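Protein chains in written order, with the working numbering: chain F, 1 to 235; chain X, 1001 to 1403.
C-beta atoms are modelled at their ideal positions from N, C-alpha and C, and glycine is treated no differently.
Quick caveat: nothing in here was measured; it's all calculated off a predicted structure.
Okay, structure first, notes after.
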């Protein structure tokens, strides 16, 4: 079932088209890689899907909701509850400890912190970073910070998990591990996963790929030789 | 907005040492500028209230004198005055004399008083014994006099005879009194009324009557009190007739007091400039934070903070700064008040200012007025910038990261 519909979307920055007449669909609980060279518009697409910006032309519908019709507060609520962001540079606030960083989306959205904290503790334990929660981000390694980032992104069980070059700072071995982790967690949390990457080896792990070039969709493919997605965990 | 979000937001903004120092400087600057306005208003109010207090405690609440000089009050007048229910009424004689001590002399206003009633009127122990004199503390300092010293008082005789020679009489200094008004401390000397009357040859006549109202109002509540005094004054004038002048205690310095009140208002307006300058510092600080922390601000928005929420965060930060500045300005004012009362080089030339020392006098309405005016300036100056900051795209902070 289609969760996200991108219809003829264009986005311009200055005189430059970042996206031009782009159309694609993301299915519920699907896992997608968005591949392209630098400047192809893949990050712009991600930000539009995440409600961080609005297209100049065209329409983006998420779960029947037209993003261009949302006002500022509704868009903020959309980002808070429906989207989980994982950025390349972690973006953890250095002035508060990791647990507070993880609880930030819940506090911003006015959600009850108790259940979110409980889930965060469980997930942190699963990811092996329980001991990091009381520490400040600058006390952690890059890998630990990325895992805290992941816990934060999943704290409100988002419908869509958007990852902007999550393995950009990692070596190939850790890139594979993080990619596998994201795929596994998105299945567990029943989130749609979209990963922006320029790394073909990361993109290979996804059944569905969108290849962008110069702001346009070059191809949408299912690679026959891609490794099958990991099975959904038994509840 | 939850307290947790604001706490995280504000911690994020001033986390860096440089940001923290900037915040500290802005806070201290705004506190100090608020304190300057409060202190200026306080000094002026303090000047007026000190002066009025000193005048009230040396003249009584009201006094009257005759245009034709010495007088006695007839029975009917006395009865009418009793009917006005004054707490205390005292008669006195005032004249001019020279006080001579070991060859040096000084012109003084010599006052012959009935000790018990005059002491009750002024609240000071001014009850001269026969052959003794009580002088102001400035006079004592200038003439280097202390209790027990002998002085000579040189008076012109009353117009009972035309002998032309002054009258000299020795007195012992019985005590030294502090009026709180420099001029009075420098010029006044007190004798027993009957003694001065004999010296002047005026028998039982007096040339001044002073009284205190029975209403018990503290010195600080001047507006209500002065209104009551004026009412009594008009009644007294009706009773005494046109030969008499009835004056309230502040009469001698009324022009000065009025001038100070007007100046207080004008200077208060001008000093707003200092506050405005400090607020531009606040504006610079906010602009600096908005640029330097654009990445962190982007993150808050990416995680779901709306533009309205972001505006609220900035507003809460400004309000917090305002509250902190107002609070700390009270400490600055207290420090300044202490220094004003205690540092030697902050004493005033009494012959110019009539008071040797000032203290700040501020009531709640002064604080509220100043604090609220600062808040209004803060909101006016900062709101336009906040509006412009909010207009910026969310992705600005992200793009800055990669620029």
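Subject >> chain F contact for residue 1041 of chain X (CB, 9 Å cutoff) >> reply: Output row for residue 1041 of chain X: interface = no.
Subject >> Cβ neighbour criterion (16 or more within 10 Å) applied to residue 1066 of chain X >> reply: Residue 1066 of chain X should be labelled buried.
Subject >> Cβ neighbours of residue 147 of chain F in the same chain (closer than 7 Å, five flanking residues each side left out) >> reply: Sequence-distant partners of residue 147 of chain F (beyond 5 residues in either direction) whose C-beta falls short of 7 Å from its own C-beta, in its chain, are 127, 129.
Original post:
Exposed or buried, residue 1372 of chain X, counting other C-beta atoms within 10 Å across all chains shown (16 or more means buried)?
Top reply: It counts as exposed.
Original post:
So residue 1211 of chain X is in the beta strand (DSSP E); what residue range does that whole segment cover?
Top reply: Run containing residue 1211 of chain X: 1208 to 1212, per the beta strand (DSSP E) assignment.
Original post:
So, is residue 1096 of chain X buried or exposed, given that buried needs 16 or more other C-beta atoms within 10 angstroms?
Top reply: By the C-beta density criterion, residue 1096 of chain X is exposed, having fewer than 16 other C-beta atoms within 10 angstroms.
**OP:** Tell me, please, whether the CB atom of residue 17 of chain F is closer than 9 Å to any CB atom in chain X?
**Re:** No - not a single Cβ of chain X is within 9 Å of the one on residue 17 of chain F.
Original post:
Can you round the beta-carbon distance between residue 11 of chain F and residue 48 of chain F to whole angstroms, since I take them to be within the 8 Å contact cut?
Top reply: Correct: roughly 6 Å between the Cβ atoms.
Original post:
Can you give, in chain order, each stretch of the beta strand (DSSP E) that sits fully within the region 1316 to 1397 of chain X and has at least 3 residues?
Top reply: Taking 3 residues as the minimum length, the region 1316 to 1397 of chain X contains no beta strand (DSSP E) run wholly inside it.
Original post:
Just the Cα atoms here: how many angstroms apart are residue 37 of chain F and residue 213 of chain F?
Top reply: Those two C-alpha atoms are separated by around 7 Å.
Subject >> Selection from F/74, F/156, F/164, F/132 that minimises the alpha carbon distance to residue 87 of chain F >> reply: Nearest C-alpha to residue 87 of chain F: F/164.
Original post:
Beta-carbon separation of residue 189 of chain F and residue 161 of chain F under 9 Å?
Top reply: Yes, Cβ-Cβ distance for residue 189 of chain F and residue 161 of chain F is below 9 Å.
**OP:** From the DSSP output, in three-state form, read off residue 1283 of chain X for me.
**Re:** Of the three classes helix, strand and coil, the one that applies to residue 1283 of chain X here is helix, per DSSP.
**OP:** Determine, using beta carbons only, whether residue 6 of chain F comes closer than 9 Å to chain X.
**Re:** False, the Cβ-Cβ gap to chain X never drops below 9 Å.
Original post:
When you compare each of X/1013, X/1040, X/1032, X/1011 to residue 1269 of chain X by their alpha carbons, which one comes out closest?
Top reply: Of the candidates X/1013, X/1040, X/1032, X/1011, the one whose C-alpha sits nearest the C-alpha of residue 1269 of chain X is X/1040.
Subject >> Proximity test, Cβ basis, 9 Å: residue 182 of chain F and chain X >> reply: Among the CB atoms of chain X, none fall inside 9 Å of the CB of residue 182 of chain F.
Subject >> Close Cβ partners of residue 1282 of chain X (< 6 Å) along its chain, the five nearest in sequence each way excluded >> reply: 1026, listed in sequence order.
Original post:
Which first and last residues belong to the alpha helix (DSSP H) in which residue 1065 of chain X is found?
Top reply: It is not in any alpha helix (DSSP H) - residue 1065 of chain X instead sits in the beta strand (DSSP E) that spans 1062 to 1066.
**OP:** Provide the residue span of the beta strand (DSSP E) that contains residue 261 of chain F, from first to last.
**Re:** Chain F is shown only over 1 to 235; residue 261 of chain F falls outside these bounds and no answer can be derived.
**OP:** Using a Cβ-Cβ cut-off of 9 Å, state whether residue 1361 of chain X counts as contacting chain F.
**Re:** Chain F, which has no Cβ nearer than 9 Å to the Cβ of residue 1361 of chain X, makes this no.
**OP:** For the region 1382 to 1398 of chain X, enumerate the residues whose C-beta is nearer than 7 Å to any C-beta of chain F, in chain order.
**Re:** With the criterion set as a beta carbon lying under 7 Å from some beta carbon of chain F, the members of the region 1382 to 1398 of chain X are 1393, 1394, 1395, in sequence order.
Original post:
Rounded to a whole number of angstroms, what is the C-alpha to C-alpha distance between residue 955 of chain X and residue 1362 of chain X?
Top reply: An answer regarding residue 955 of chain X cannot be provided, because it is not within the stretch 1001 to 1403 covered by chain X.
Original post:
Would a check of beta-carbon distances place residue 1302 of chain X closer than 9 Å to chain F?
Top reply: Residue 1302 of chain X has a beta carbon lying within less than 9 Å of a beta carbon in chain F.
Original post:
If we cut at 9 Å on Cβ distances, does residue 76 of chain F have a partner in chain X?
Top reply: Yes, contact with chain X.
**OP:** Quick one: give me the first and last residue of the alpha helix (DSSP H) that residue 1248 of chain X is part of.
**Re:** Per DSSP, residue 1248 of chain X belongs to no alpha helix (DSSP H); it is in the beta strand (DSSP E), 1244 to 1248.
**OP:** Report the neighbours of residue 1322 of chain X on chain F: residues whose CB is nearer than 8 Å to its CB, in chain order.
**Re:** None at all; the shortest Cβ gap to chain F is about 23 Å.
Original post:
For the region 39 to 52 of chain F, which residues have a beta carbon sitting closer than 8 Å to at least one beta carbon of chain X?
Top reply: Going along the region 39 to 52 of chain F in chain order, one finds 47, 50, 52 with a Cβ nearer than 8 Å to chain X.
Subject >> Distance CB(residue 1359 of chain X)-CB(residue 1083 of chain X) smaller than 9 Å >> reply: Cβ atoms of residue 1359 of chain X and residue 1083 of chain X: not closer than 9 Å.
**OP:** Just confirm the distance between the C-beta atoms of residue 1007 of chain X and residue 1325 of chain X, as a whole number of angstroms; I'd bet it's less than 8 Å.
**Re:** Contact flag wrong, Cβ pair sits at about 20 Å.
Subject >> Test: residue 103 of chain F CB closer than 9 Å to a CB of chain X >> reply: Residue 103 of chain F counts as touching chain X.
Original post:
CA-CA distance, residue 16 of chain F and residue 57 of chain F?
Top reply: In this structure, the straight-line span from the alpha carbon of residue 16 of chain F to that of residue 57 of chain F is close to 14 Å.
Original post:
What separation, rounded to the nearest whole angstrom, lies between the Cα atoms of residue 41 of chain F and residue 1298 of chain X?
Top reply: Going from the Cα of residue 41 of chain F to the Cα of residue 1298 of chain X covers about 20 Å.
Original post:
Nearest CA to the CA of residue 1284 of chain X: which residue from X/1185, X/1003, X/1023, X/1016?
Top reply: For the set X/1185, X/1003, X/1023, X/1016, the Cα lying nearest the Cα of residue 1284 of chain X is the one of X/1023.
Subject >> The beta strand (DSSP E) enclosing residue 951 of chain X, as first and last residue numbers >> reply: Chain X is shown from 1001 up to 1403; residue 951 of chain X falls before or after that span and cannot be answered.
Original post:
Roughly how many angstroms separate the alpha carbons of residue 1028 of chain X and residue 1014 of chain X, rounded to a whole number?
Top reply: Taking the straight line from one Cα to the other gives about 15 Å.
Original post:
Three-state secondary structure (DSSP) at residue 1054 of chain X?
Top reply: Under the three-state reduction of DSSP, residue 1054 of chain X is assigned to helix.
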